[in-house]
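Following: one structure in structure tokens, then a few remarks.
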Amino acid sequence: VARALARRGIVVYSVGCEPSLSTYYKNAVAFFKALSAITQGQFLPLTSAEFLATAIIGGAKEQLTLERLMSDISLTSWKDPEEDALNVWTDLSSRNVQTCKINVEDVYDVYDNTNEMEMRRAPTLEEARRSFIAQAHVKLKPIYSVRSEYLPSVCRRRLEISSSLPPKRPPTRKTDPLAISKSISKPHHEPPSPSKQASLLPQQTVRVETSVVSFEQTLRCLNSLKLRGADGGDDVAEASHDNAS
Numbered sequence: 007v008a009r010a011l012a013r014r015g016i017v018v019y020s021v022g023c024e025p026s027l028s029t030y031y032k033n034a035v036a037f038f039k040a041l042s043a044i045t046q047g048q049f050l051p052l053t054s055a056e057f058l059a060t061a062i063i064g065g066a067k068e069q070l071t072l073e074r075l076m077s078d079i080s081l082t083s084w085k086d087p088e089e090d091a092l093n094v095w096t097d098l099s100s101r102n103v104q105t106c107k108i109n110v111e112d113v114y115d116v117y118d119n120t121n122e123m124e125m126r127r128a129p130t131l132e133e134a135r136r137s138f139i140a141q142a143h144v145k146l147k148p149i150y151s152v153r154s155e156y157l158p159s160v161c162r163r164r165l166e167i168s169s170s171l172p173p174k175r176p177p178t179r180k181t182d183p184l185a186i187s188k189s190i191s192k193p194h195h196e197p198p199s200p201s202k203q204a205s206l207l208p209q210q211t212v213r214v215e216t217s218v219v220s221f222e223q224t225l226r227c228l229n230s231l232k233l234r235g236a237d238g239g240d241d242v243a244e245a246s247h248d249n250a251s
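Residue numbering for the sequence shown follows the working numbering, beginning at 7 and increasing consecutively.
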């Protein structure tokens, strides 16, 4: 299905909702990375829903600029994918050709791409599964393991637990009634508001930029043209997408 989409010029930008995707769904990251690579799109792992609008708009803007770029690329022959891309990219960058790009910070501390590459090579997903390895590790960076949306409920739960505990006995050495009454009447510290909690957490970097076309974008453009059969090219160079990223 992914290759049929690519031949029709349908490019997939998939969004991974972390930390749920890599924590609860086996091989999900590898699947969406493979789907995006086959169609010459991008996989965008997001740690918060607040970045979703930026990812959607940024992905659409990037692909529109790449589609315009592909209309200006013409090769008389298809040779080595990386050599072709290097020649085209050198020409485009020398002319200061600008493109839009969605940049999403990598949130993975460990990622084994073995199963992803099997999905990209195999003709069907069923055949790829036969070569899967059981221990294809995916691990988020520690700062993105827990996000702000989980913290309010955690704080409430801790507050409930602390309020259900028996009160501490007043210190035996202090016999001054006034001192004891002050310690008992001291108000509890309220947990920080959700907005305050979110501001204290490290934020993932997601931004849309306009700059000179990159080699990776040029390679994706050439692979898309080949997949669509432009200029008589029939070869598919999916593996090169991973080498350039």
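Where a beta carbon is used, it is the ideal one built from N, C-alpha and C, also for glycine.
It should be emphasised that the depicted structure is a prediction, and the values quoted were computed from it without experimental measurement.
- Within the segment 26–91, the complete alpha helix (DSSP H) segments of 4 residues or longer fall at 26–30, 34–44 and 58–78, listed in chain order.
- In terms of CA proximity to I108, Q69 leads the group S54, Q69 and E56.
- One thing to note: T216 has its Cβ no nearer than 7 Å to the Cβ of Q48.
- The alpha carbon of D78 has as its nearest neighbour, out of P51, L52 and R101, the alpha carbon of R101.
- By the Cβ rule, the segment 14–28 counts as touching the segment 51–71, because three or more pairs are nearer than 8 Å.
- Between the beta-carbon of L50 and that of E24 there is about 10 Å, and that puts the pair past the 8 Å contact cut.
- T45 places its beta carbon 7 Å or farther from that of L75.
- Per DSSP, the unbroken beta strand (DSSP E) holding K145 starts and ends at V144 to L146.
- Secondary structure note for T105: its beta strand (DSSP E) is the uninterrupted segment Q104 to V110.
- Secondary structure note for T120: its alpha helix (DSSP H) is the uninterrupted segment T120 to R127.
- By the C-beta density criterion, Y30 is exposed, having fewer than 16 other C-beta atoms within 10 angstroms.
- For the set G15, A8, A142 and V35, the Cα lying nearest the Cα of C227 is the one of G15.
- Q141 counts as exposed, since fewer than 16 other C-beta atoms from the protein chains shown sit within 10 angstroms of its C-beta.
- Across the set L225, G65 and K32, the C-alpha of K32 shows the shortest separation from the C-alpha of R135.
- Taking 7 Å as the cut-off, the beta carbon of A36 is found no closer than this to the beta carbon of E89.
- Relative to the Cα of Y114, the nearest Cα in the group T120, A128, P129 and L146 belongs to L146.
- Take L98, set aside five residues on each side of it, and the residues of its chain with a beta-carbon closer than 7 Å to its own are V219 and T224, in chain order.
- Beyond the five residues adjoining it in sequence on each side, S230 comes within less than 6 Å, by CB distance, of Q46 in the same chain, given in chain order.
- Separation of the CB atoms of V212 and F57 is rounded to 4 Å, and the pair is thereby assigned contact status at 8 Å.
- Per the DSSP secondary-structure output, T216 pairs in a beta bridge with C106.
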